[in-house]
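My numbering applies: residue 420 is where the sequence shown begins, and numbers increase by one.
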Amino acid sequence: MTVKEFDSFLLLIDEQNDPKDFAIHLERVIPEYFAEQNLVIDLTKYQDFTLGHLLHFLQVSNAHRKHKQSFVMICTEVPVDDIPFEMVVVPTLQEAGDIIEMETIERDLGF
420 MTVKEFDSFL LLIDEQNDPK DFAIHLERVI PEYFAEQNLV IDLTKYQDFT LGHLLHFLQV
480 SNAHRKHKQS FVMICTEVPV DDIPFEMVVV PTLQEAGDII EMETIERDLG F
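Following this line, the structure appears as structure tokens:
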């Protein structure tokens, strides 16, 4: 896994080509190494990515967000209308950064 650091978040990118394995890997490493970080997960590298693949990330997304940290995924393959409401999925890195800024402000204001 590649980790790139930005001002307000870390970008995590899979070095393999299996979204399910990546989701399982994230479930193990996020609580141990990235629990206090806002995270962006880049899923754009996967070919033929489906809603089923995206759903593998639901558990780790919910767990991380429960601890008051942002968890945003970058994906362009799954139609917006198919994405569960509890998942934050955007098409670009810029939009992921914008979402994290908004969520940080909301947390600071007590929402």
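For each residue, glycine too, the CB sits at the ideal point set by N, CA and C.
Just so it is clear, the structure is predicted and the values come from calculations on it, not from any experiment.
Short Cβ contact (8 Å threshold) for residue i with residue j
i: V497; j: L477; result: no
i: V396; j: A442; result: Lying outside 420 to 530, the shown extent of the chain, residue 396 is not represented and no answer is given.
i: I449; j: H483; result: yes
i: K464; j: D440; result: no
Integer-rounded CB distance, given that residue j should sit under 8 Å from residue i
i: L462; j: P438; result: 7 Å
Any chain B beta carbon closer than 8 Å to residue i
i: K464; result: Judged by its chain identifiers, the structure shown contains no chain B, having just a single protein chain.
Host alpha helix (DSSP H) of residue i (start-end)
i: I518; result: 512 to 527
i: L473; result: 470 to 474
i: V448; result: 438 to 452
Pairwise C-alpha distance: residue j and residue i
i: D467; j: F425; result: 28 Å
i: S427; j: R526; result: 14 Å
i: A454; j: H486; result: 8 Å
i: I524; j: A515; result: 14 Å
i: L528; j: Q456; result: 19 Å
i: F530; j: I518; result: 15 Å
i: C494; j: L512; result: 10 Å
Residue i, buried or exposed, once every other Cβ within 10 Å from all chains shown has been counted against 16
i: V488; result: Going by the sequence as given, residue 488 is Gln instead of Val. Flag for Q488 reads buried.
i: L445; result: buried
i: V508; result: buried
i: E522; result: buried
Enclosing beta strand (DSSP E) for residue i [first to last residue]
i: K487; result: Where K487 is concerned, there is no enclosing beta strand (DSSP E), given that its DSSP letter is neither H nor E.
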